[in-house]
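> Yeah, the sequence shown ends on 493 if you go by this note's numbering, and it's all consecutive.
C-beta atoms are modelled at their ideal positions from N, C-alpha and C, and glycine is treated no differently.
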Amino acid sequence: MNKSFAIKLGIIFLIGILLNIPLSMISQKTYERSQFKQEAFNAIASSWTRSQKIIGPVIQVPFTVTSQTSVWDKNLEAYKDVTTKTRKSVWVVIDELAIDSFVDNDVRYKGIYEVPVYTTKLSYKGSLFKGVLDKINSQAGVVQIHAPILSLSVGDSRGISSIPKLKVGNAEKSFKPGSLLPFNSNGIHVTLNKELLNKDLDFAFDIELRGMDKLSFVPISKSAQVDMSSQWAHPSFLGDFLPAERTISDAGYKANWKITSFASNIEEKVKNCSRGNCTQLMNSDFGVKHIEPVDVYLQSERSVKYGFLFIALSFATFFLFEVLKNMSIHSVQYTLVGFAVAIFYLLLLALSEHFSFAIAYLSATIACVSLLHFYLTSILKSFKHAALFSVAFSILYGILYLIIQSEDFSMLMGSILTFVALSVMMISTRNIDWFEVGNQLASLKPKSKKNKPIVEEGLDESLEINLEE
Numbered sequence: 025m026n027k028s029f030a031i032k033l034g035i036i037f038l039i040g041i042l043l044n045i046p047l048s049m050i051s052q053k054t055y056e057r058s059q060f061k062q063e064a065f066n067a068i069a070s071s072w073t074r075s076q077k078i079i080g081p082v083i084q085v086p087f088t089v090t091s092q093t094s095v096w097d098k099n100l101e102a103y104k105d106v107t108t109k110t111r112k113s114v115w116v117v118i119d120e121l122a123i124d125s126f127v128d129n130d131v132r133y134k135g136i137y138e139v140p141v142y143t144t145k146l147s148y149k150g151s152l153f154k155g156v157l158d159k160i161n162s163q164a165g166v167v168q169i170h171a172p173i174l175s176l177s178v179g180d181s182r183g184i185s186s187i188p189k190l191k192v193g194n195a196e197k198s199f200k201p202g203s204l205l206p207f208n209s210n211g212i213h214v215t216l217n218k219e220l221l222n223k224d225l226d227f228a229f230d231i232e233l234r235g236m237d238k239l240s241f242v243p244i245s246k247s248a249q250v251d252m253s254s255q256w257a258h259p260s261f262l263g264d265f266l267p268a269e270r271t272i273s274d275a276g277y278k279a280n281w282k283i284t285s286f287a288s289n290i291e292e293k294v295k296n297c298s299r300g301n302c303t304q305l306m307n308s309d310f311g312v313k314h315i316e317p318v319d320v321y322l323q324s325e326r327s328v329k330y331g332f333l334f335i336a337l338s339f340a341t342f343f344l345f346e347v348l349k350n351m352s353i354h355s356v357q358y359t360l361v362g363f364a365v366a367i368f369y370l371l372l373l374a375l376s377e378h379f380s381f382a383i384a385y386l387s388a389t390i391a392c393v394s395l396l397h398f399y400l401t402s403i404l405k406s407f408k409h410a411a412l413f414s415v416a417f418s419i420l421y422g423i424l425y426l427i428i429q430s431e432d433f434s435m436l437m438g439s440i441l442t443f444v445a446l447s448v449m450m451i452s453t454r455n456i457d458w459f460e461v462g463n464q465l466a467s468l469k470p471k472s473k474k475n476k477p478i479v480e481e482g483l484d485e486s487l488e489i490n491l492e493e
């Protein structure tokens with residue numbers, strides 16, 4: 025291979041490698057800005073409310089039991105029977121429970137950042153069949169059953185917007201603050217008349233709850249049905265159970281869960297929690313997370329990953345112009361074009377924080393393509409060739425936009441783009457004699473003055489030989 029040709033390729037390759045430095049800096053800046061958004065999220069959460077996990081409702085029935093033990097009496101020098109009273113409680117799992125939730129979405133701002141929040145209106149309806157008191161009375165030593173307590177645990181009690189009322193038959197009782205549950209004190213509770221547990225108990229209550237990011241449930245019932253709807257078009261369903269039915273559209277989503285104790289094993293989890301081990305119960309939630317499908321920082325980060333490909337394509341196109349048009353492009357010109365390609369991603373990041381991503385992307389594309397067209401007109405000595413180069417780059421930026429907008433097919437589309445670009449490059453250069461190209465590039469260099477005296481000296485010697493002859 026011609027030495028000058030090898031040097032030329034080496035310089036172009038080195039410039040491409042060095043241009044990874046600004047691309048890495050832009051990628052780091054994208055990460056920093058995304059962290060600023062997370063800080064804004066935490067700041068709003070501290071003054072609004074955080075994610076809401078709703079556990080319950082559960083009915084706690086406290087009771088007192090008596091027991092007798094023999095204790096040695098030093099004065100009597102004999103054992104005597106001592107009666108002690110111990111207060112205990114049993115958690116009653118509701119037989120049937122229906123939860124209806126409508127989630128109203130909103131946005132809060134912190135500086136230039138916007139964070140989605142929600143307010144949900146929850147309607148609870150439950151049924152408990154009679155026979156609870158009989159089961160408690162059947163235990164040995166029970167002397168008194170106290171007033172039952174219906175409790176509901178929430179993730180952040182600051183989100184409770186109004187005082188809910190429990191409807192039992194024709195009566196209403198106001199809830200009080202605090203769940204009175206050992207694993208989480210945030211929530212509400214209401215005291216019931218124990219006579220209600222002697223018959224089938226139907227109850228209902230509504231609660232309005234503010235939150236952000238995620239809403240999940242742990243219904244403590246043998247049979248539970250949860251219906252949820254919202255205007256948010258991008259839900260992510262999570263937890264131990266996925267919806268039995270769901271519909272998602274641009275107008276929002278609707279989801280329905282149907283869960284029985286055979287699937288949830290809720291009675292065993294409640295029994296363990298009443299004994300102090302609530303880990304399984306608290307981790308058995310399910311619900312929805314309201315996500316931004318592809319936020320501006322994720323989109324920007326995706327675009328930067330294709331930066332080196334764009335630089336490589338621009339350098340390869342330049343080199344083809346050198347080969348096919350028999351012209352020479354300086355390494356400084358390669359470098360400036362590479363920087364123009366890299367600056368696109370910084371412009372995109374900065375503009376997307378203030379405008380919609382589509383407008384930011386279009387503005388950055390127009391700016392960079394216009395700059396490249398103006399500069400290449402002088403380098404390539406042809407308005408037509410510069411225009412073709414600019415159109416090709418505009419098409420590439422359009423394809424890149426489709427890639428980074430895709431939620432599920434971004435990797436597939438990116439792989440296809442890379443393959444197509446490589447295929448076009450290989451097909452267009454398949455008939456090129458690269459050894460001849462090296463000689464052509466070497467011939468483009470002007471002859472140095474150092475060679476000139478040698479040629480003249482050779483001519484003088486030939487003239488002297490001819491004269492002697």
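Check for me: the alpha helix (DSSP H) holding Glu316 runs from which residue to which?
First-last for Glu316: undefined, no H or E at that position.
> Contact defined as beta carbons within less than 8 Å: I believe Val320 pairs with Phe381. What is the distance between those atoms, to the nearest angstrom?
5 Å
> Using the Cα positions of Tyr421 and Thr389, report the straight-line distance between them to the nearest angstrom.
7 Å
> Provide the residue span of the alpha helix (DSSP H) that contains Arg132, from first to last.
Run containing Arg132: none in the alpha helix (DSSP H); it sits in the beta strand (DSSP E), Ile118 to Lys134.
> Where does Tyr277 fall in DSSP's three states?
strand
> So what does DSSP say about His397, is it helix, strand or coil?
helix
> In the DSSP assignment, find the unbroken alpha helix (DSSP H) run with Lys53 in it and report its ends.
Asn44 to Ser71
> Which stretch, first to last residue, makes up the alpha helix (DSSP H) that contains Ser298?
Going by DSSP, Ser298 is part of the alpha helix (DSSP H) stretching over Ile290 to Ser298.
> Compute the distance between the beta-carbons of Gln76 and Asp230, then report whether it is under 8 Å.
Remark: C-beta atoms of Gln76 and Asp230 do not approach each other more closely than 8 Å.
> Less than 8 Å separating the beta-carbons of Ile290 and Ile79?
no
> Just mark Tyr55 as buried or exposed, buried being the case when its beta carbon has 16 or more other beta carbons within 10 Å.
exposed
> Which value, in whole angstroms, describes the spacing of the CA atoms of Ser387 and Phe37?
30 Å
> Going by the beta-carbon positions, is the gap between Val393 and Ser418 smaller than 8 Å?
yes
> Go through its chain and collect everything with a Cβ distance to Met252's Cβ below 6 Å, but skip five positions before and after it.
In its chain, beyond the 5 residues on either side, Ser125 and Ala279 have a beta carbon closer than 6 Å to the beta carbon of Met252.
> Does DSSP put Glu493 in a helix, in a strand, or in coil?
At Glu493 the pLDDT is 40, less than 50, meaning the model places this residue with poor confidence; the figure from the coordinates comes in the next sentence. Three-state DSSP puts Glu493 in coil, outside helix and strand.
> In the DSSP assignment, find the unbroken alpha helix (DSSP H) run with Val361 in it and report its ends.
Ser355 to Ser376
> Is Ile489 buried or exposed, if buried means 16 or more other CB atoms sit within 10 Å of its CB?
Unreliable placement is indicated for Ile489, whose pLDDT of 40 sits below 50; the coordinate value is still reported in the next sentence. It is exposed - the Cβ of Ile489 has fewer than 16 other Cβ atoms within 10 Å.
> According to DSSP, is Phe229 helix, strand or coil?
strand
> State the DSSP-derived secondary structure class of Ile212, mapped to helix, strand or coil.
strand
> Do Met236 and Ala69 have their beta-carbon atoms positioned less than 8 Å apart in this structure?
yes
> Which of helix, strand or coil does DSSP assign to Ser147?
strand
> Just how far apart, CA to CA, sit Ile118 and Ser254?
The alpha-carbon atoms of Ile118 and Ser254 are separated by roughly 27 Å.
> Quick check: the Cα distance between Ser71 and Leu33, rounded to an integer number of angstroms?
58 Å
> Alpha carbon to alpha carbon, what distance is there between His378 and Ile83?
51 Å
> Are the Cβ atoms of Lys154 and Asp264 separated by less than 8 Å?
no
> On the DSSP bridge assignment, give the partners of Phe37 in chain order.
Partner(s): none; Phe37 has no beta bridge.
> Using 8 Å as the Cβ pair cut-off and three pairs as the minimum, do the segment 167-180 and the segment 83-103 touch?
yes
> What residues match up with Glu269 in a beta bridge as DSSP calls it?
Its beta-bridge partners are Asn280.
> Could you pull the DSSP bridge partners for Arg74 from this structure?
Answer is none; Arg74 lacks a bridge partner.
> Figure out for me which residue from Ile283, Ile187 and Pro206 has the closest Cα to the Cα of Leu146.
Ile187
> Does the Cβ-Cβ distance between Thr144 and Val131 come in under 8 Å?
Against a cut-off of 8 Å, the Cβ pair of Val131 and Thr144 comes out as no contact.
> Compute the Euclidean distance between the alpha carbons of Phe286 and Val312, then round it to the nearest angstrom.
23 Å
> Helix, strand or coil, according to DSSP, for Gln249 in the structure here?
strand
> Is the beta carbon of Tyr103 less than 8 Å from the beta carbon of Val116?
no
> Three-state secondary structure (DSSP) at Tyr103?
strand
> Between Thr271 and Leu262, what straight-line distance do the alpha-carbon atoms span, to the nearest angstrom?
15 Å
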